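What follows is a single structure, written as structure tokens, with notes after it.
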Amino acid sequence: MALLIKFIPERMDWWREELGKRLPDLELRVWPEIGDPAEIEFAAVWRAKAGMLKSLPNLRFIFSLGAGVDHVLLDPDLPQGVPICRVVDPYLTQRMSEYVALHVLRYHRRQPEFDAQQMRGEWKELYFPTAPERKIGIMGLGELGADATAKLKALGFDVAGWTRSPKSLPGVANFHGPEGLGPFLARSEILVCLLPLTAETRGILSKSLFARLPKGAALINCARGAHLVEADLIPALESGQLSYATLDVFSPEPLAPNHPFWRHPRITVSPHVASITDPRTVVQLIAENVRRYRAGEPLLHLVDVKRGY
Ligand code: NDP
Ligand code: OXD
Numbered sequence: 045m046a047l048l049i050k051f052i053p054e055r056m057d058w059w060r061e062e063l064g065k066r067l068p069d070l071e072l073r074v075w076p077e078i079g080d081p082a083e084i085e086f087a088a089v090w091r092a093k094a095g096m097l098k099s100l101p102n103l104r105f106i107f108s109l110g111a112g113v114d115h116v117l118l119d120p121d122l123p124q125g126v127p128i129c130r131v132v133d134p135y136l137t138q139r140m141s142e143y144v145a146l147h148v149l150r151y152h153r154r155q156p157e158f159d160a161q162q163m164r165g166e167w168k169e170l171y172f173p174t175a176p177e178r179k180i181g182i183m184g185l186g187e188l189g190a191d192a193t194a195k196l197k198a199l200g201f202d203v204a205g206w207t208r209s210p211k212s213l214p215g216v217a218n219f220h221g222p223e224g225l226g227p228f229l230a231r232s233e234i235l236v237c238l239l240p241l242t243a244e245t246r247g248i249l250s251k252s253l254f255a256r257l258p259k260g261a262a263l264i265n266c267a268r269g270a271h272l273v274e275a276d277l278i279p280a281l282e283s284g285q286l287s288y289a290t291l292d293v294f295s296p297e298p299l300a301p302n303h304p305f306w307r308h309p310r311i312t313v314s315p316h317v318a319s320i321t322d323p324r325t326v327v328q329l330i331a332e333n334v335r336r337y338r339a340g341e342p343l344l345h346l347v348d349v350k351r352g353y
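Anchor point for the sequence shown: position 246 equals 290 in our numbering, and the numbering is continuous, going up by one each time.
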């Protein structure tokens, strides 16, 4: 029997090497060379083509090669009843927290303004508060949001989180549900989006949400491009309602070469690299779930398909 993998082609040699070490008894098929579809038991995918998973009649589980599973759930032909697992991995979490800390610190310490001053050869001190005086809002306190929160707390920031259900993290104000969103936004000087993309969160970063933030708030979206209503961002920056935005994710990706976000002076763009799926640890997760499947044990990191994450 075989495992099918679909990932960005550039890192395929690395995946082959790690899968060979951990799952030597499974034949590896690399998409699109799938061979006999009936021989494929496990599929590890990033952005599977619509219908691809349905064409595999003996699939035991689908492993999303990302923490987000929107790329799997949006397949209109997704086979029903096949368990879906996702990446929950310390390297993924660590890298995401590094990205969040980098951009929070940049805005907190007014680095974009110092960069602009440097371009003009201008020597001018600008005031900034201390971290405990800076209010950060994290949308989503899951695997990634909770760790980013802990690391920002360790730097001294005043961090609050917004979740679907109540969540208690030491020293972190928690707001939840639609009724918690307003008070959460009202205190978020730097807003970080780490939500999954679901029917409820699509388009959440919009004009009406920006209007509920303190004037001049900064936005960091490292979740999914479709969380943002693109047309609302530049007007919010130009009116001063938002001061800056960091965007790691876009819809669609890659961001079109002529897109205005690339050259906007108050937007920072990165090419979906806030974190990355690291074969060294993620292959261990896949192998553990193959072992569990064979032993009849519950799989790790199952997705609740109905909830959408
Ligand atoms: P989790 O599933 O662990 O956590 C999701 C969090 O979002 C939970 O706290 C959940 O609330 C909250 N949430 C979900 N729906 C809502 C809602 N309607 N209202 C309020 N809160 C909600 O996800 P991860 O932390 O593992 O990952 C988050 C996302 O980050 C991924 O889905 C992916 O899109 C993105 N990502 C981006 C990467 C990049 O490189 N840019 C890399 C990796 C992930 P509750 O606790 O109540 O369930
Ligand atoms: C993920 C991602 O979901 O890299 O893991 O975007």
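Glycine is no exception: its CB is placed at the ideal position from the N, C-alpha and C atoms.
What you are looking at is a predicted structure, and each value in this text was computed from that prediction instead of being measured.
{"Query": "Cβ neighbours of G110 in the same chain (closer than 8 Å, five flanking residues each side left out)", "Result": "W90, R130, V131, T321"}
{"Query": "Segments assigned beta strand (DSSP E), at least 3 residues, entirely inside the region 288–345", "Result": "311–313"}
{"Query": "Residue environment, K179, which counts as buried when at least 16 other CB atoms sit within 10 Å", "Result": "buried"}
{"Query": "Cα-Cα separation, H308 to M140", "Result": "24 Å"}
{"Query": "Span of the alpha helix (DSSP H) around H147", "Result": "134–152"}
{"Query": "CB-CB length for Y353 against R104, believed under 8 Å", "Result": "So it is not a contact: roughly 22 Å between Cβ atoms."}
{"Query": "Given T193 as reference, the closest of L238, D159, H152 once Cα atoms are compared", "Result": "L238"}
{"Query": "Any heavy atom of the ligand OXD nearer than 5 Å to the CB - residues listed", "Result": "G110, A111, G112"}
{"Query": "N- and C-terminal bounds of the beta strand (DSSP E) containing R73", "Result": "71–74"}
{"Query": "Spatial distance of T207 from F219 (CA atoms)", "Result": "7 Å"}
{"Query": "Meets three-Cβ-pair contact criterion under 8 Å: the region 228–243 and the region 264–279", "Result": "yes"}
{"Query": "Best match in I311, V317, L229, E332 for proximity to P156 [C-alpha to C-alpha]", "Result": "I311"}
{"Query": "Nearest residue (CA-CA) to Q23, options E61, R55, N302", "Result": "Examination of residue 23 is not possible in this model, given that the chain is present from 45 through 353 alone."}
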